Structure formats: structure tokens, C-alpha cells
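In what follows, a single structure is set out as C-alpha cells and then discussed.
Protein chains: 2
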Amino acid sequence: PYCNEISPHLYLKLQFAPFSSALEAGFWHQLTQKKLNDYRLDESPKCIKGYYYNGDPVGLPTRLTLEFSAFDVDGPTPARCCPALGMLYNTNTLDAFKAADKKALLEKEAKEIWEAIQSGAALKNPSVLCRFILLTFADLKKYHFYYWFCFPALCFPEALKIIQPPVILEEVFSPKQISALQEAYDSLCIKRGITAVPFFLMKYTDDAVHMALLEDWEVTVGVYDPCTLSQHPGWPLRNLLVLLAKQWGSKLDVVEVLCFRDRTLQGNRSIQHSVLFQVKLPELPNNSVCLKSVGWEKNPKGAMGPRMVNLSECMDPKRLAESSVDLNLKLMRWRLVPSLDLDKVVNTKCLLLGAGTLGCNVARTLMGWGVRHITFVDNAKISYSNPVRQPLYEFEDCLGGGKSKATAAVDRLTKIFPGVSAEGYNMSIPMPGHPVNFSQATLSQAQKDVVQLEKLISEHDVVFLLMDTRESRWLPTVIAASKRKLVVNAALGFDTFVVMRHGLKKPPVTAPGVPGSSLFSNIPGHKLGCYFCNDVVAPGDSTRDRTLDQQCTVSRPGLAMIAGALAVELMVSILQHSEGGYAVASSSDDRMNEPPTSLGLVPHQVLDHYEREGFSFLSKVFNSSHSFLEDLTGLTLLHQETQAAEVNHKPTLHQNLFHSS
Amino acid sequence: PYCNEISPHLYLKLQFAPFSSALEAGFWHQLTQKKLNDYRLDESPKCIKGYYYNGDPVGLPTRLTLEFSAFDVDGPTPARCCPALGMLYNTNTLDAFKAADKKALLEKEAKEIWEAIQSGAALKNPSVLCRFILLTFADLKKYHFYYWFCFPALCFPEALKIIQPPVILEEVFSPKQISALQEAYDSLCIKRGITAVPFFLMKYTDDAVHMALLEDWEVTVGVYDPCTLSQHPGWPLRNLLVLLAKQWGSKLDVVEVLCFRDRTLQGNRSIQHSVLFQVKLPELPNNSVCLKSVGWEKNPKGAMGPRMVNLSECMDPKRLAESSVDLNLKLMRWRLVPSLDLDKVVNTKCLLLGAGTLGCNVARTLMGWGVRHITFVDNAKISYSNPVRQPLYEFEDCLGGGKSKATAAVDRLTKIFPGVSAEGYNMSIPMPGHPVNFSQATLSQAQKDVVQLEKLISEHDVVFLLMDTRESRWLPTVIAASKRKLVVNAALGFDTFVVMRHGLKKPPVTAPGVPGSSLFSNIPGHKLGCYFCNDVVAPGDSTRDRTLDQQCTVSRPGLAMIAGALAVELMVSILQHSEGGYAVASSSDDRMNEPPTSLGLVPHQVLDHYEREGFSFLSKVFNSSHSFLEDLTGLTLLHQETQAAEVNHKPTLHQNLFHSS
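Protein chains in written order, with my numbering: chain A, 27 to 687; chain B, 27 to 687.
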């Protein structure tokens, strides 16, 4: 199969300089994207486009280049370049890559060229003569790319004899002829509206040069030749000669070939070093059986075999990390969840209130889902007991009194994945029953905290409640409900936990008032309650007078990981629902057989007051004991009636309970 | 209440140098341990023991010292020290500490001293005169200790007038008398068998000194006086004078007091600077109502108030981290799970096969449980996609081709908690269907790997199977079963997972062959199967020819955290069971209504072969296709019969299935 390649001791046989494949990193990058997002497990051949350049200085191999743009077959081709279309066979496994039947692939492609020659289609569109095959396997975990190029060339049954050895154009053409040639070529390109005509015919006299497309056969055949060797044409001529033999073999015995070389010499365009020679066209067999073909590229060792590039070494590591993180996520869409809308997840801005055991685990799971925008709020410092349970902190973070959790969490996320966009706010969240009006200074700090929290909630899409007290969840619950933000709430017991979403009220204007037909079936998202909806005691100061085991969240260590992970998975599932936070809650028989109670309305009274009165309402809540919120929401009345019911032991009174507040 | 303390412009009133409390770090450390392990939420007063030293040089305050040994009230007292017993009131909360009724505590203790004086008990055991109260709150999260000492002293209704002002002993005693005094004191101590007699009586002539216990009243009263002031006695004399007034007030008007000071001067024992004075004893009221008392210590600012020490700043941070990590765990035992045996968990040696997504999460949860001994086995390097899902790795670990997971995981654990004892083995686990006999070198590597794995499994208590292929779990399953080690296995799907324990065979000798009465009820631990028990295909090479999404564990990111956490919680629950790995599996109706099948016996045939033939059996497994293991375990026969059953559609044949292999 190498008989037609260059061999220095045979001067009478025409030999061709083969293409060298030149695959740019941009090509592999784009292949990676296509594989991840479009092809996935699809192994069917894909049409891609490369090009060869006719402007290289002497010494460079004849390159067939594939770059970023290879997958855009209708896109533009660079100046002085001829496009070459090819078929990409990208296998799913290295084994499939190795096992691919190279012979069959080459024969298939050669047959198409042959048929285009036979039918005359190649005459109209000679670029079909310059097709290629690219067999690849992309190991996207390691950024190793295995590939093997083939530039199919049909082989005449016998060698091509050189009648007139190659001469440099300027030795036989006058300067006038040369400039006429250049002008003629450019005119042809302009006429065809392309950057370079790969093959053409030429007729010349002492005074002039005329040029035409292949269809108009006259005298000299021209090839836009990327080869830089003075004694050999490049590969594009090979299949052209077969075409000539087929088309005009009966009329022609010897054909003159111009290897049109469109170079730059000392800053000036130079075609003087184009090459002219004559070759005898062998006869083709009488039958129309496809000729033998060659074309698989040798590897850098000179052997027949594939090549491999390891792009992980030359890529920017941070860029590499970003691609790799996307990889696992995108793989989900290949087979398991093709409809998964990853962009919805990745672009969600998450506000984590609490950067402790739950906060750290939620942040880690969000990172696993590729979420880029994570903001922490916490006012605590890292203590020595934290690192073994709070997976964003280490021993070093505890020294010297401990770093602030909110900012240390941000530092850690950046160390895990430099592409993350994380922020930390070392601030307190004002709480009911934790008075703020001791002094003017304290009050205005609380006011600033409320304003900051409102701003943060506005700027995010999902609010996670991950604090260690009940009352610290109150203010963000109210603000997020008012701003119609999705709230995911997680709380730990010793071996129990709650992970829930808060109901998302319809926007005030568009709420259509859905009829209550669903009271005993599925609950629409806008009718779901919040963390406080089932409480019969308003939140107050739960930190006062607590023993050590009540101060620390004493829970089985595995619990925070489970609850944190579930909170994020809940968020993802809600985001994937077509109605988002308004998604209906699935029916559960156990839960739904109880009639909904008016307690479900409690927080909405609070919401009304917050939206009407703002901070003046909030400061009343912070400074009051339980009774203020309990009076407001009707819980006081509830308690009175419950007590009355207990005293009287009258079930009727107890039933009234659900209609009174 | 300060009227009897030192005031330089009053020379005629006797004033006493109060004790200064001296609490050593060892005391707080021991209090921490007692609180965590014994007292927990118990706030009842505890008897503790301090001492005062009679050897201090001039200038030091009179210290009442509590150290490590304070909780051992029957333990020895250091030389030249008098013991002082006290009551420790350790509150659960800072609020309780603040709210404690200091007046009532003092009065209670003063009353007991008074009653001991009244009854004469103080005469027999005068150490009751030197009691103290210690009120504490230990914030074990921050290592802040709040405390307030009280040295109750009964107050005479009027001031104590000095009749003969204090003189230094050597000014009035001859050297002979001094040495006789010293000899007499030492004899008394030897006679009583204690290091120091706190109070004594003395009779002296020009030639000699005689000494006796209080019961034998004669002339001069001696007090073993820790005070270094030349003009004032220390606090121990105060209650003694009340005792004297009560006992001999009617006989005595003026009492001579020797403040026996047992110092070292220029390397020699020196009692020359003891102090002698006479004081007029006031009359006690006729009624037996307890005298007023004083005694709460001033804080360093000179005000009446508690003190606080922050030990977190002076403790070795690594030691601090260890204590803090234990804290959360021990808190579980205070209220929630008093019977929890933490030592069983903490001392368990865990072998983690796989340091990927599952391995990292399992290790983190083990750290949360305080497990100290963790060993990783993995042969992979950290890639860019790992850190966001594998919580022991960071971006930096991926650079330059990636660190080895097994050793990087160890580094991270040490960064999280320096007290951990972790090891990493960067090695492969030989697998069925992954041939090892390509060359002599490869074979011996596999043999080394088997030997290493056998050694590792022997040295650990629990083996976690956390790999990403099914067949890599096969060898450790067999070895661990043979060595009777508890195996916890976790495996991930996309949104499903398995977390299970393997059955733990009874040791060969002691297996009593429990009758099969439990076939349809709870399954005892030694009858449980392993990961491979329900399989109908033997493990083989599942990595060959896999597509990218099959190579990576494509799963919802939260899943590994959930499965990893559950695997550890399962281990902890098993360890807490009185029968450990032999614990019965709880009944589940769904599962138990199916009859157990003979498939449950499959791995035990494998086990027999492994125990008989060792590596020669294993190398057959590694090098063979599925069929070797399937033939051995009867799965081949099962498949044939299943096929036959499917062909014949005869349910009888299908039923035979469960009795044939």
C-alpha cells in the first residue's frame, strides 16, 4: 500500500506526499462538547470538515487541519485553504476503537469516490476527491483522545510514469505568464465565489493563461497543491488523476499537471515555485470494479497505527476541572434521564442560611450538581469539634479562635472547585424573642441585618434554611414567602430529620384562586405550608437556659449528610418540574386523609403584616415574647380553646378549634 | 462582710488573709471528663478535695489548690499540705450558674460548720472547719469555665481584739525551743499518720515544747498556717477560733495562737518565721443560732463576682480537637442514648476498600463517629471531576496527573483531625475474569496483592466494600467471610443504592448448628448472605467495553452521601448490638414471606475452596471467564435448568431449580 508514496531512488514513478493530520485542541474540545451534549451514545458517522492550506513555507508537511470549526460543515473556509469533508467515526469505548474494521471503512469511502468518478459527479464537484475518515475515541475522564486518520486514495493498477519530470514554474514560464496565471486563478475563484478552487484546467500561450473548471477540458490540469516538495505533488492530485483517466483516458495518454502553489515569499505572494510536469495516465480496467485504495495515516513512529493526544496536560487545569465537573452531570442525560435540564440546576443561585453541619453538606451536594452560585450566611466561628462533622472545615481553620464559618466555607468551595462563584456573609439573623432594642446601636444593626437579608433573598433563586434553631428560620421564611422564592428547609433531631419545601404563594396579581377541589387529594405547590404551619407555639428564644446537649445538635453523625443530600435532591426535583416551586405535592394516603386545618393559614397573616409594616412589624416580633406572634396568628385563642376543651372534656369544643382562628 | 479582712490602718483587730483559689488546668480537664461521662445532666453537689500548702515563700497569696486529683477525695495529700473538702455545684447552663443562690449555699455550708462546732464533731475532726464551695459552669464547646469559690467563715458578733500583737517566733523562742517545736509537730503527724495536722495545741517551757491534739486542751493553740504575712494569720484560723470560743470560751478569755509556718529558707526547713500572738475570744451569743458567715471569693478585679478561664487558648490545639470531637459523641449519652457504648465504635478498625465517592463519604461519617483507625485501599488517581463529589479531595490534588487517592485521603483525614490514625494503600484488588497470568511478574504481583489484602483484612474489624465494580468486591468478600470479619457493602445506581451487611459465619469450632426454625421469621446474623448471594451470574470483567457513562458511576450527586452515611450508621448499630455481627436481622414481612432458596449457599462453596486451596484457587478465578465460578457454584446448572424451564414452560421444572445446586 505504500508503493505510491515517496521513495527517493525511483524517479520515474509519480509519488505523492501524503497528508499529515493536524488536529487542534479546539477540535477536541468541540468533540467533547458534541459527545457530551449531542452524540452521547450515538456512534453513527458524522460529517465534519477540515481544510488544507496552500501557503506553507518549504519544509512543512502537507497538513489536513481540523479545528474548532470542523463540526460546522457549512461554515467558511480560511483564505488559501481548500475544504475537505470527512466522516467522523467516534466510538463509545476504546475496545470499539481498536476493533473498528479499518479496511472496511476505507473501502466504503473509496467506493464513494470511485462512484462519484464513474457517475461524473466528481467532475461537477471535485472536492469529493479529497475526502477523509477520522476514527476517534475520546476518553473524557482523562482527556485522552485516540484517533486515526485516513485520506482514501484510489490506486491505479500500475505505477504512474513521469514523462516530463517536475520543473519549477519560473524555469518555464515568463514573468508575464506567471502573473497571468495568478490572475486567471483568482478570477476563477471569484467567479466560483470560493476562497480556493482545488482543481482546474489551464491553457496557456506565450502571452496568456486561461483557466477553466474541470468540466471544460482543454490542455493542462491544475491542482491547488498544498505540498511543499519540489519533486512531488501532494495527495489531492491522486484521485484527480483517476478521474482524468476515467473521463478522458480514451482521448489522453499523457496529461500535463500544474501543481499550483500559492505561497508567500519575502512578504509577497509567490506562485513562481508552482510545479509543472507531465504524467502518463495508465488505463483503467474495463470493468467498473472499484480500484484498490490506500490512505490510513502512519503514526509518528512511522508505523500503521493510531495516535493519541493527552490534552489534560496542556489544558488550563481550572478549565479542565470545569469540563470534568460537567462530565458526570451530562452523562446522566445519555441514557438515564435524557430530558434532564441541567442548565436549570447549574444556573440556580442558592442562598444557604447556616454554614454548619447541614450547610456544609448542602453546599457539597450542590457542588456535585454543578451549581455555581452559592452564598453562605452564618455568624459563628469554626470550633474544634466542627471539622469531623462539617465537611468544609479543617483543623487549621479552628486555630486562634477559629475562622468565620461563612468566609471559610467560601474559601473551601474555591479550593474544591475554582470555577465556583461563592460568597460568605458573617452576619446574624434577627429572631423573634431575641430583643434588639437594647440601644439605638443594636436596633439599627438589626435593621441593617434585615435589609441585608432581604437583599440576599431577592438576589437568589432558592433559600436553604439550615440553622440550628427554630426561631432563626422565622424571618427568612417570611421574607422568602413575600418574595416568592423557593425555600428548602432541613432540620435534624437525634435520629430523625425534616427535609421539606415551603409552599410558594402565587404572585399577587396572577393568582387565579383555584377552587379547592384538591382538599383531600394532591396539594398544589401554592397551597403548601411552611415550617411553622404545623406549630402551635410561636418561635421564641430557644437558646436561653439550654444545657450543653441542647446547645449542640446532638445527632447521629450520618444524619446531616443524609438530610443535606436530600434537601438538594428535593431542590433539583422541584426545579425539574415544569411548574417549579408550584409543583403539586404527590398524594400520600396517610397524610391526606386528615382534613386540612385552618392552621395552614397562620403564616399568611404574618406575611400580610410584614408586607404592610416592614421593619416596624419585625422589631415588635424580635422584642416580644411568644405572645405577640401567638396573638397575631390566633394561636393564643387556640391555646385558650384547647385548655377549655381539656377542662370540659367536650369533644364538640375541641372540634370547634379548627374553625375558630 | 469584709470587716474581718486585712485593713492596714487597724492594728487592734485580728484580720485574716483569705484563701485565693488556684485551679489547675488538670482540674478543669477532669471536670470535663466527669461532666461528659458521669455527671452528664446531674446537677447535684459533688464532694471534691483541695489542699493548702504551708511551704510558700513570702509574697505569695494563700492558695487553696484544686488539681487533677480533686475528684479522688480519698486520695493522698501532698507533703506539707492540709486537705480541704468542698462541695462542687456544677450547673448545666450559664443561666443556672448566674442564678444560683450564693447566699443560701454559703449559709448551708456555714450551718454545717456551726453544727460540727456545736456538737463537738469539729473537735474530733477539725478539718471540717476548712470546707469550701465551688460553683461552676463548664462551657465544653468553647472550653470556657466559669467558677466562683467560697471559703465559709463564721463571724463573731464583734471584732477580735489583739492582746499581744504577732511576733516572729525566733524573736521569742530559743533555737532549742524552735527545734523542739519542729520535732513535736513532726511527731504528732507521724502519730496521726498524716502529712500535716491542721490544728493542734502546744505547751512550752524554756527547755521544751509539747504538742497535742485539740481534744487535749492545755495552753497555746497551733494552726498549720499557709499564710505568708507576718502580721496576719491565714483563713484556717477563723473557724478554729469559733470552735475555741464555743469549747472553752467559758474558761478562756485570751488565747495564745501559734501560726505554724513550715517553710524552706536557703534550702533548709525553717519554722523560725512562724508567728505567735494572743487574741481575746469574744463571747458567743447564748442561743445556738448559727453565726453570720462570709467567704465568697472576690474576682481578680477585686469585686464580688465569678471568674472565668478560657482553656481553649492554653490547651494544645490538637489535644483540644480530640476532646471537642469526643464532646458531641458523649453528649448523645446524656439524655438520648445513655447505654451507647462509644468505645466500641471509636476503637473499631475500619478498612475502606475504595476511596472514591462512597469511600470519602464513609470516611467522613466514621470521623464524625470518632473512629480513629481508618485504612484506605484504592489504585486510582484523583481526576478533575472528583473533588465536587469526593469530599476528601480538592482541585490542587488533581494537578500533575493527580495524587493517589489512597494516600491523599489519608492526608486529608489528618488535616481534618490530627488525632486520626489513617493509612493508605495504593494497590489493586485482583478480580475474577481479569486475568493475572500474562507473565510471571504479573502473577506474582497478583499473589502479593492477595497476601496484602489478606493481611489488611486480618488487621481490621470491619471491611467496607466501596468500589465501583461488582467483581472487585468478590475477593474481599471471600477473604472477610473466611476471617469472620464484619463486611458492610454499599453500591450506587442512578437513583437507587444498596447498603447491606454480609452474614458473619460462626467460627468453625463453635458453630452449634442452630436448627432452622427461623426460616420464615427473623434471620440470625450467621445465616445472612453476602452481596453475591442473590446473583445468578458470577462476577466477571465488567470494565471491558464500557461506554463513558458506564465507566463513571452516574448517579444523583446526593446519593453517595446518603449511602455512605447509612453504611456507617449500619455499622454502628451492629456494633451496639450485644451479638455484634451475629445480630439477628429484623423481620420484614415483605422479604420474609418468600422461602429461602438454596442460592443462599452459593458463596459458601467458594469459601470452602478458598480456605482449602488458597491462591491457586484464586488464580483460577482471576484468569477464567464467568464459567469457572458458575460451574463451581452450580449457577451453570441453574442457567441450564432455567433455560430448560423456559423452553418447556413446565412450572415443576422451575421449582426443581431451588433444590438442584
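All C-beta atoms, glycine included, are put in the ideal place defined by N, C-alpha and C.
None of the values given here were measured: they were computed from a predicted structure.
Identify the continuous beta strand (DSSP E) that holds residue i and give its terminal residues.
i	result
H460 of chain A	Here H460 of chain A belongs to no beta strand (DSSP E), and DSSP marks it neither H nor E.
F175 of chain B	H170 to L180
N325 of chain B	Per DSSP, N325 of chain B belongs to no beta strand (DSSP E) and is neither H nor E.
D165 of chain A	F158 to D165
Q16 of chain A	Absent from the model: residue 16 of chain A. The displayed extent of chain A is 27 to 687, so no value can be given.
L302 of chain A	V301 to K306
S604 of chain B	Here S604 of chain B belongs to no beta strand (DSSP E), and DSSP marks it neither H nor E.
L40 of chain A	Premise fails: L40 of chain A is in no beta strand (DSSP E) and is neither H nor E.
From the DSSP output, which residues share a beta bridge with residue i?
i	result
V489 of chain A	A:L377 and A:V513
N265 of chain B	BP columns for N265 of chain B are empty, so no partner.
T495 of chain B	Answer by DSSP bridge pairing: none, since T495 of chain B is not bridged.
A448 of chain B	B:I400
T662 of chain B	Per DSSP, none; premise fails for T662 of chain B.
G76 of chain A	A:A110
N116 of chain B	B:T162
Is the beta carbon of residue i less than 8 Å from the beta carbon of residue j?
i	j	result
L310 of chain B	A271 of chain B	yes
A347 of chain B	A381 of chain B	no
V99 of chain A	I139 of chain A	no
L155 of chain A	N294 of chain A	no
I297 of chain A	Q208 of chain A	yes
P308 of chain B	F225 of chain B	no
V477 of chain A	I483 of chain A	no
V84 of chain A	T254 of chain A	yes
L57 of chain B	A164 of chain B	yes
A389 of chain A	L377 of chain A	no
S597 of chain A	V524 of chain A	Here the sequence assigns Met to residue 597 of chain A, which means Ser is not the residue at that position. The answer is no: Cβ separation not under 8 Å.
Quick check on the DSSP output: the alpha helix (DSSP H) that includes residue i runs from which residue to which?
i	result
H55 of chain B	A51 to K60
F123 of chain A	L120 to A125
Q208 of chain A	P201 to R218
I442 of chain B	K431 to I442
L131 of chain B	K128 to S145
V249 of chain B	Unbroken run through V249 of chain B is the beta strand (DSSP E), T246 to Y250; no alpha helix (DSSP H).
If we count the other Cβ atoms within 10 Å of its Cβ and call it buried at 16 or more, is residue i buried or exposed?
i	result
M334 of chain A	exposed
S47 of chain B	buried
P102 of chain B	exposed
L392 of chain B	buried
Can you tell me which of the three DSSP states residue i falls into?
i	result
E282 of chain B	strand
L392 of chain B	helix
M597 of chain B	helix
L532 of chain A	Note that residue 532 of chain A is Lys in the sequence shown, not Leu. It is coil, neither helix nor strand.
F225 of chain B	strand
F641 of chain A	helix
I408 of chain B	coil
C556 of chain A	coil
E236 of chain A	Rather than Glu, the amino acid found at residue 236 of chain A in this sequence is His. Strand at H236 of chain A.
G260 of chain A	strand
F94 of chain B	helix
N649 of chain A	helix
Y636 of chain B	helix
V476 of chain A	helix
N359 of chain B	Residue 359 of chain B is actually Arg in this sequence, not Asn. Here R359 of chain B sits in coil by DSSP.
F523 of chain B	strand
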